[in-house]
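All remarks here apply to the structure that follows.
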Amino acid sequence: MLKSLSMIRAFQSLLMLPVHRSRSAAFEPELDFDWQAALGFLLTFAKIPFALLAVSLVMRNRSLALSALIIVAIVFDVLDGVIFGCSRLCSNRALRERRRIWDSCLDRVFMFSVLVPAVVVMHFPTTVFALVTVRELVVWVVTALPYLNSGFVHKPNLPSKLGATLAGFTVIFFNLVGNVPLTLIILFTLFSVTGIALYVVRPVRI
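Here the sequence shown is numbered in the working numbering, starting from 712 and rising by one per residue.
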């Protein structure tokens, strides 16, 4: 029992790490997680073992298994927010912000755990990799600066989420047909640019 309580407290302490100093007083360290909140965070942190597994699959050139893993990761990325939104704790802004920050960071960890070794081992197109990298850098700048300056955490907008999803599908299409269709690249670019523009001109706090 004591071991379980210490694990819960350690997990809550972990959640407190990536928060702006202006929000530090808004979080209650003794929050009692319900199963929806716990499952939402569990699905978010599942991207860590997914990233390790992705590197292993790429290094062994297991393209079909890698494509399946990307699809599972995309589904988890949708479900973690939906399930957490059903929790009574979703009304706690500080907790929502922490989940959003972790989700965003781990999305990038998983994405580049796939893309970087894929370029080296599978000869994934470097031009597409560069395009995705530029997109991620710009998204990081436009979302991280408001957070660092004032603690503002952006709510993800639909075009940006679709752009990130299409980045995953570039790898899947490459694995299946040996190239990335131009239509997919155009859609990825359009959704990404639109999402970035919305973050700048119409920011919504989570």
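Think of the CB as a built atom: it goes at the ideal place given N, C-alpha and C, for glycine as much as any other residue.
Just the Cα atoms here: how many angstroms apart are residue i and residue j?
| i | j | result |
| --- | --- | --- |
| valine 882 | cysteine 816 | 20 Å |
| alanine 841 | alanine 875 | 14 Å |
| alanine 855 | lysine 866 | 12 Å |
| valine 849 | serine 798 | 32 Å |
| leucine 750 | phenylalanine 821 | 19 Å |
| arginine 732 | serine 903 | Note on arginine 732: pLDDT 49, under 50, position unreliable in the model; no value is reported. |
| proline 760 | phenylalanine 885 | 23 Å |
| isoleucine 785 | arginine 913 | 25 Å |
| valine 911 | asparagine 868 | 11 Å |
| valine 825 | threonine 894 | 22 Å |
Taking only three categories from DSSP, how would you classify residue i?
| i | result |
| --- | --- |
| lysine 714 | Here lysine 714 scores only 46 on pLDDT, less than 50, and its place in the model should not be relied on; the value that follows carries that caveat. DSSP places lysine 714 in helix when its eight states are reduced to three. |
| arginine 809 | helix |
| threonine 905 | helix |
Starting from residue i, trace the alpha helix (DSSP H) in both directions and tell me its first and last residue.
| i | result |
| --- | --- |
| isoleucine 917 | Per DSSP, isoleucine 917 belongs to no alpha helix (DSSP H) and is neither H nor E. |
| valine 843 | 837-861 |
| glycine 874 | 869-888 |
Next item on the list: List in chain order: all unbroken alpha helix (DSSP H) runs of 4+ residues lying wholly within the segment 745-807.
Entry: 746-756, 758-770 and 774-796, all fully within the segment 745-807.
Check: Do the segment 891-899 and the segment 802-809 make contact, defined as three or more Cβ pairs closer than 8 Å?
Finding: Per the Cβ contact rule, the segment 891-899 is not in contact with the segment 802-809 (fewer than 3 Cβ pairs under 8 Å).
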